[in-house]
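Engineer:
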Amino acid sequence: MVDTITKKIHLPLSTQGTSSKDQSAQNRESGLGALLGYVNGVGTGVIYGMIRSRFDEIPTPLAAALVGLTAMAASDVPMVALRVSNPKTWGISGWLADTIPHLIYGIVTVTTYEVLSK
1197 MVDTITKKIH LPLSTQGTSS KDQSAQNRES GLGALLGYVN GVGTGVIYGM IRSRFDEIPT
1257 PLAAALVGLT AMAASDVPMV ALRVSNPKTW GISGWLADTI PHLIYGIVTV TTYEVLSK
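So that you can map any letter, position 26 of the sequence shown is 1222 in our numbering, and since no number is skipped, the others follow by simple counting.
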């Protein structure tokens, strides 16, 4: 996804031009990809923390699933919109590899919030 975004905004990751894929460019791409993941995780957590008090009636397990699925959508929707990936081609193992970590993230985020807010 980073490669697609940098090409769309004409921002070469390599000091040797836009078509080069040297080690520095690969490292920058990897770092920016991780940074996008952190932004997604922190952003989803912050939004959850801001709105949770308004929805106290939602059970914790449901909140955890919603937070996890929101984080999943925040990472998958841009990939589909940029045509980087097609979820129709993922298969069961691909969907599980995407869903399980996001649901675990939701459980950890909601549980952490619940513990710290008491």
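Note that the Cβ used here is the ideal one computed from N, Cα and C, for glycine as well.
Out of T1308, P1208, Q1212, which one is the CA nearest neighbour of E1225?
Structural biologist: Checked all of T1308, P1208, Q1212; the closest Cα to E1225 is P1208.
Engineer: Indicate whether A1267 and G1302 have their beta-carbon atoms separated by less than 8 Å.
Structural biologist: yes
Engineer: Identify the continuous alpha helix (DSSP H) that holds W1291 and give its terminal residues.
Structural biologist: 1287 to 1312
Engineer: Tell me the rounded alpha-carbon separation between D1272 and P1257.
Structural biologist: 22 Å
Engineer: To which residues of the same chain is G1264 closer than 6 Å at the C-beta, ignoring the five residues directly before and after it?
Structural biologist: H1298, L1299, Y1301, G1302
Engineer: With H, G and I counted as helix, E and B as strand and the rest as coil, what does DSSP make of I1201?
Structural biologist: helix
Engineer: Could you check where the alpha helix (DSSP H) with S1271 kicks off and where it finishes?
Structural biologist: 1256 to 1277
Engineer: With 16 as the cutoff for other CB atoms within 10 Å, does G1241 come out buried or exposed?
Structural biologist: When all chains shown are included, G1241 counts as buried.
Engineer: Report yes if the C-beta distance between V1306 and A1260 is below 8 Å; otherwise report no.
Structural biologist: Between V1306 and A1260, the CB-CB gap stays under 8 Å.
Engineer: With H, G and I counted as helix, E and B as strand and the rest as coil, what does DSSP make of S1220?
Structural biologist: helix
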